[in-house]
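Numbering (our numbering), first residue to last: 1 to 197.
Idealized CB from N, CA, C, for every residue including glycine.
Working notes, beginning with the structure itself.
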């Protein structure tokens, strides 16, 4: 067995007889030490790290396990994975972490000049604060804008008929424009002087 410190000096025929751990360490080490601009200090550092990585395998032996995949587990379809990613994107953009930690109300309330209480959908003058419904509405618009770009990407399929391509392009641009304009209106509601001197 070739010692970890001798991996870079070993001939190629001897490397084929090393263990999988040594082969992994060799693959990790060779690109760094083979660079012409690598200094002696970097080479010594790589040798030291290689030796430290190899220490546990002088004592421990990797078990030869034969694990079988459960019969009920199947690879999900691309659309299922896409739906899960899109749903998680919706929750994260909606501020689900902020809502769990801060626990804001769903909507706010304010008192008008007559002393009557009226609901408020947006938390004014605070960019880093939100109500729950405000976050969900903004997240919905972010998701609609992202779906617009996905729809535009679907128009590159050469087998798509001309009418369908025009409809897809129109739908994608409408989703993007509606999302952008509505998010801009939301920001103007939160900050009345937004993007205005």
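Report all residues from its chain with a CB closer than 6 Å to the CB of residue 129; omit the five preceding and five following residues, and keep chain order. Its chain contains 123 as the residues whose beta carbon lies nearer than 6 Å to that of residue 129, once the 5 sequence neighbours on both sides are disregarded; these appear in chain order.
Taking residue 89 as the reference, give the member of 54, 64 and 138 with the closest Cα. When each option's Cα is compared against that of residue 89, the closest is 138.
Residue 74 to residue 65, Cα distance in whole Å? Cα to Cα, the separation comes out at about 21 Å.
Which same chain residues end up closer than 8 Å to residue 45 when comparing Cβ atoms and leaving out the 5 residues on each side of it in sequence? If we look at residue 45 and ignore the five residues flanking it on each side, it has no Cβ neighbours.
I'd like to know if the stretch 179 to 189 and the stretch 101 to 120 are in contact, where contact means that at least 3 CB-CB pairs between them fall below 8 Å. Under the 8 Å Cβ criterion, the stretch 179 to 189 does not count as touching the stretch 101 to 120, having fewer than three qualifying pairs.
Using only alpha-carbon positions, find the residue among 158, 104, 68 and 141 that is nearest to residue 179. In terms of CA proximity to residue 179, 141 leads the group 158, 104, 68 and 141.
If you measure between the beta carbons of residue 168 and residue 181, is that distance less than 8 Å? No; because the gap between Cβ atoms is not below 8 Å, this pair is not in contact.
Straight-line gap, residue 51 to residue 58 (C-alpha atoms, nearest Å): Each residue's Cα considered, the two are about 11 Å apart.
Locate the beta strand (DSSP E) running through residue 117, then write down its first and last residues. In the DSSP assignment, residue 117 falls within the unbroken beta strand (DSSP E) covering 117 to 120.
Using 8 Å for Cβ pairs, my map puts residue 175 next to residue 135. What's the rounded Cβ distance? That belief does not hold up - the Cβ atoms of residue 175 and residue 135 are roughly 20 Å apart, past 8 Å.
Can you tell me whether DSSP reads residue 129 as helix, strand or coil? Coil.
Can you say whether residue 94 is buried or exposed, counting buried as having 16 or more other CB atoms within 10 angstroms of its CB? A residue is called buried once 16 or more other Cβ atoms fall within 10 Å of its Cβ, and residue 94 is buried on that count.
Residue 105 versus residue 98 - alpha carbon distance: Distance between the alpha carbons of residue 105 and residue 98: 12 Å.
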